[in-house]
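Everything on this sheet refers to the single structure shown next.
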Amino acid sequence: MSELSVQFQGVSKKYPHFSLDEIDLELPAGSIMGLIGANGAGKSTTIRILMGLVHQDAGSVRVLGHPMPADQAAAKLDIGFVSEDMRLYGQATLAWHMEFLRPIYPRWDQPYAEALVRRFDLTPQQKIKGLSHGQRVKAALLLALARRPRLLVLDEPTTGLDPVARKEVLDELMAVLADEERTILFSSHNTLDVEQISDQITFIDRGRIIDSDDKEAFLDRWRRLRLVLPPDGAVPRFPGIVQVDGSGRLPVLTTNNFEPAMVSACNELGATVQAVDTMTLEEIFVANVHSRRERLSA
Amino acid sequence: MNYAMVRRLILKDWYFMRGPILLSLAGGLVSLAIVAFAGKVGFFLGLLLLITTMVAIGATLVMGTLVGERENQTLAFVMSLPVSHLEYTSAKILVNLLIFIPFWVILVAGSLALVVISPVIHGLFAYTVIMSVEILAGICLMIAVALVTESKGWTISAMVVGNLAINIVGYLVAHIPGISNGMFGTVIQWRPAASFTLATEFALIALLLGGAYFIQSRKKDFL
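As you go down the protein sequences, you meet chains G and A in turn.
Residue numbers for the first sequence follow the numbering used here, so the first one is 1 and each next one is one higher.
Residue numbers for the second sequence follow the numbering used here, so the first one is 1001 and each next one is one higher.
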């Protein structure tokens, strides 16, 4: 069994208008997990608990072997953190920030920091307040990566970026990540961003984790079956059908547990399978959320 | 306690606040000069300017080092560093006191020196000491409120309360028999009433800062 970088067990946190309920989450060392959820789903709260910035009401959290929040200072020595709502000091330069962090982190890698300055096309002597939003995100990433953290936590780092800056940041991030193996938790409501980077996916909705698996497993097991039913034919029902769309004789079944045998089973029931469509991560996420919400409201 | 980290956070705040601090120090010294050399009207104008300068530097410090972290969204950056909540709290209390107190000591020492070298106002010695500590208590109130609430609105409210308290305490202290007697005389006096008032002020300061520390230690959400 591989070592766990992050382990949440039954973690709950209650606010007047929002609750995080019974979160169980495991992030093995060396993996890259995408945490996907709509705005307000609980991604940032989960990450803040992970960082020790918010204390859970119940449950236990261990990060890099440290109990949180009790041992947060030691844990944060090995964590690089970038979040959408994190700003650097506007009146200081990037060079000042690098000098400020260098003595704090024993594994701070100055040649690597300088290489990232060139790769991200940043000017160390420029004040942070003079940088574009995209450059600020790159600067924050640089400061997180040059610590050589064992765990990188990115909370919606691409939010608010224009498409060009977003692509630049993601391209650079992927190039950097290709350099070596890291453990990363990447949260976003943008499934395309997460799909590019992650090898594990966790969906969170309304304060609960609703599904978690390898990205490839998600893409393999989720399918849409487009059927044509015979007159008066009933929609076939199988375990794992989470959603039925379409109308009349042209239903579209969404399954989270696709097996090729489903096609022959449909045929045996008199339905014609017109197409078996793969689904994008975004479609999987939306179908997952909808099916859960329908189940809860039923 | 990671003292190296606390020290680093203090130096960081000093770096960002050095401009306003040095400007305020210059303003304070100008106020003292006015008090010393500008005659009777200048004495009262300079005194007012001196108190305003002390309150202003305290407010600038608290706003810049405490409320500013939240307002400018740099708190997430600071709290992502290997620092615990209590180390952060300690650093913030210390940086405010370490920057304000030397500045305050210089201006208070200057004021007391003026009292000592001007025989006609020798009687104001105890009153000056008590009111100087009252200003310090007002700043500590702002530090405590800013730490606990991280809110600009609440901190400004604390500043208003602190300023009102200077006037109210100033009036009340001037009417304490053990202090008011001889206040406008030409002899420096220090009576038990002055010691008691001073001890009360220091107890209040300890209560404010200790209370803020206690509340911070029980806080569950830091961001």
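Ideal placement from N, C-alpha and C gives every residue a C-beta, glycine not left out.
What are the start and end residues of the alpha helix (DSSP H) that includes residue i?
i, result
"residue 102 (chain G)", "That residue, residue 102 (chain G), is in no alpha helix (DSSP H); it is neither H nor E in DSSP."
"residue 302 (chain G)", "Outside the shown range of chain G (1 to 298) lies residue 302 (chain G), about which nothing can therefore be said."
"residue 1013 (chain A)", "1003-1037"
"residue 292 (chain G)", "281-297"
"residue 149 (chain G)", "Note, residue 149 (chain G): premise wrong, no alpha helix (DSSP H); not H, not E."
"residue 1176 (chain A)", "That residue, residue 1176 (chain A), is in no alpha helix (DSSP H); it is neither H nor E in DSSP."
"residue 1099 (chain A)", "1085-1117"
Using a Cβ-Cβ cut-off of 8 Å, state whether residue i counts as contacting chain A.
i, result
"residue 120 (chain G)", "no"
"residue 77 (chain G)", "yes"
"residue 72 (chain G)", "yes"
"residue 18 (chain G)", "no"
"residue 100 (chain G)", "yes"
"residue 241 (chain G)", "no"
"residue 301 (chain G)", "Only positions 1 to 298 of chain G appear in the structure, and residue 301 (chain G) is not among them; the question remains open."
"residue 1 (chain G)", "With a pLDDT of 48 at residue 1 (chain G), under the threshold of 50, the predicted position of this residue should be treated as unreliable, and no value is reported."
"residue 104 (chain G)", "yes"
Assuming residue i is part of the beta strand (DSSP E), what are its boundary residues?
i, result
"residue 278 (chain G)", "272-278"
"residue 58 (chain G)", "58-63"
"residue 209 (chain G)", "208-214"
"residue 243 (chain G)", "241-247"
"residue 201 (chain G)", "200-205"
"residue 1296 (chain A)", "Outside the shown range of chain A (1001 to 1223) lies residue 1296 (chain A), about which nothing can therefore be said."
"residue 67 (chain G)", "66-68"
"residue 1131 (chain A)", "It is not in any beta strand (DSSP E) - residue 1131 (chain A) instead sits in the alpha helix (DSSP H) that spans 1125-1149."
"residue 26 (chain G)", "18-28"
"residue 1070 (chain A)", "First-last for residue 1070 (chain A): 1068-1071, but that is the alpha helix (DSSP H), not the beta strand (DSSP E)."
Just the Cα atoms here: how many angstroms apart are residue i and residue j?
i, j, result
"residue 107 (chain G)", "residue 148 (chain G)", "6 Å"
"residue 1209 (chain A)", "residue 1184 (chain A)", "34 Å"
"residue 1180 (chain A)", "residue 1006 (chain A)", "44 Å"
"residue 1079 (chain A)", "residue 1088 (chain A)", "8 Å"
"residue 300 (chain G)", "residue 145 (chain G)", "Residue numbering for chain G in the displayed model covers 1 to 298; residue 300 (chain G) lies beyond these limits and cannot be assessed."
"residue 1155 (chain A)", "residue 109 (chain G)", "40 Å"
"residue 290 (chain G)", "residue 258 (chain G)", "18 Å"
"residue 48 (chain G)", "residue 1068 (chain A)", "20 Å"
"residue 1011 (chain A)", "residue 102 (chain G)", "14 Å"
"residue 207 (chain G)", "residue 45 (chain G)", "9 Å"
"residue 237 (chain G)", "residue 156 (chain G)", "38 Å"
"residue 1201 (chain A)", "residue 1207 (chain A)", "10 Å"
"residue 234 (chain G)", "residue 174 (chain G)", "47 Å"
"residue 151 (chain G)", "residue 87 (chain G)", "20 Å"
"residue 1019 (chain A)", "residue 91 (chain G)", "12 Å"
"residue 1219 (chain A)", "residue 70 (chain G)", "13 Å"
"residue 1174 (chain A)", "residue 1196 (chain A)", "14 Å"
Within 7 Å: the Cβ of residue i and any heavy atom of the ligand MG?
i, result
"residue 1218 (chain A)", "The ligand MG is absent from the structure shown, which contains no ligand whatsoever."
Compare the C-beta of residue i with all C-beta atoms of chain G and state if any pair is closer than 8 Å.
i, result
"residue 1018 (chain A)", "no"
"residue 1022 (chain A)", "no"
"residue 1152 (chain A)", "no"
"residue 1220 (chain A)", "yes"
"residue 1002 (chain A)", "yes"
"residue 1047 (chain A)", "no"
"residue 1008 (chain A)", "yes"
"residue 1005 (chain A)", "yes"
"residue 1094 (chain A)", "no"
"residue 1223 (chain A)", "yes"
"residue 1040 (chain A)", "no"
Which residues, in order along the region 80-91 of chain G, keep a beta-carbon less than 9 Å from a beta-carbon of chain A?
Within the region 80-91 of chain G, the residues whose Cβ lies closer than 9 Å to any Cβ of chain A are, in chain order, 80, 81, 82, 83, 85, 86, 87, 88, 89, 90 and 91.
Within 7 Å of chain A by C-beta, residues of the region 44-69 of chain G in sequence order
If you check each beta-carbon in the region 44-69 of chain G against every beta-carbon of chain A, the ones closer than 7 Å belong to 48, 51, 53, 54 and 55.
Quick check: the region 275-282 of chain G against the region 216-227 of chain G, are at least 3 beta-carbon pairs closer than 8 Å?
Touching, yes.
Just by C-beta distance, which residues in the region 1062-1087 of chain A are closer than 9 Å to chain G?
The residues in question are 1072, 1073, 1074, 1075, 1076, 1077, 1079, 1080, 1081, 1082, 1083, 1084, 1085 and 1087.
Determine contact between the region 1140-1148 of chain A and the region 1054-1070 of chain A, defined as no fewer than three beta-carbon pairs at a distance below 8 Å.
Segments in contact, yes.
Is there contact here, the region 1186-1197 of chain A with the region 1111-1126 of chain A, by at least three beta-carbon pairs under 8 Å?
Segment contact: the region 1186-1197 of chain A against the region 1111-1126 of chain A, three or more CB-CB distances shorter than 8 Å; contact assigned.
Are at least three pairs of beta-carbons, each pair with one atom in the region 64-79 of chain G and one in the region 117-129 of chain G, less than 8 Å apart?
No: the two stretches stay apart, fewer than three of their Cβ pairs being nearer than 8 Å.
Contact the region 3-15 of chain G vs the region 25-36 of chain G: 3+ CB pairs below 8 Å
Touching, yes, given that three or more Cβ pairs across the two stretches are closer than 8 Å.
Evaluate contact between the region 1158-1165 of chain A and the region 1104-1122 of chain A, counting only Cβ atoms and requiring at least three cross-stretch pairs below 8 Å.
Too few Cβ pairs lie closer than 8 Å, so no.
Which of the residues in the region 16-41 of chain G, read from start to end, lie with their CB under 9 Å from any CB of chain A?
Residues passing the 9 Å Cβ filter: none.
Would the region 1090-1100 of chain A and the region 1030-1043 of chain A be scored as touching if the rule is three or more Cβ pairs under 8 Å?
No, because fewer than three Cβ pairs between the region 1090-1100 of chain A and the region 1030-1043 of chain A fall closer than 8 Å, the two stretches do not touch.
Any 3 or more C-beta pairs closer than 8 Å across the region 123-141 of chain G and the region 77-92 of chain G:
These segments touch.
Within the chosen definition, does the region 1043-1055 of chain A reach the region 124-139 of chain G through at least 3 CB pairs nearer than 8 Å?
Of all C-beta pairs linking the region 1043-1055 of chain A to the region 124-139 of chain G, fewer than three are shorter than 8 Å, placing the two stretches out of contact.
Examine the Cβ distances between the region 263-273 of chain G and the region 227-234 of chain G and report whether three or more of them are shorter than 8 Å.
Three or more Cβ pairs drawn from the region 263-273 of chain G and the region 227-234 of chain G lie within less than 8 Å of each other, which places the two stretches in contact.
Assess, as a yes-or-no matter, whether the region 155-173 of chain G is touched by the region 8-16 of chain G under the definition of 3 or more beta carbon pairs within less than 8 Å.
Contact between the region 8-16 of chain G and the region 155-173 of chain G is absent: fewer than three C-beta pairs spanning the two stretches fall below 8 Å.
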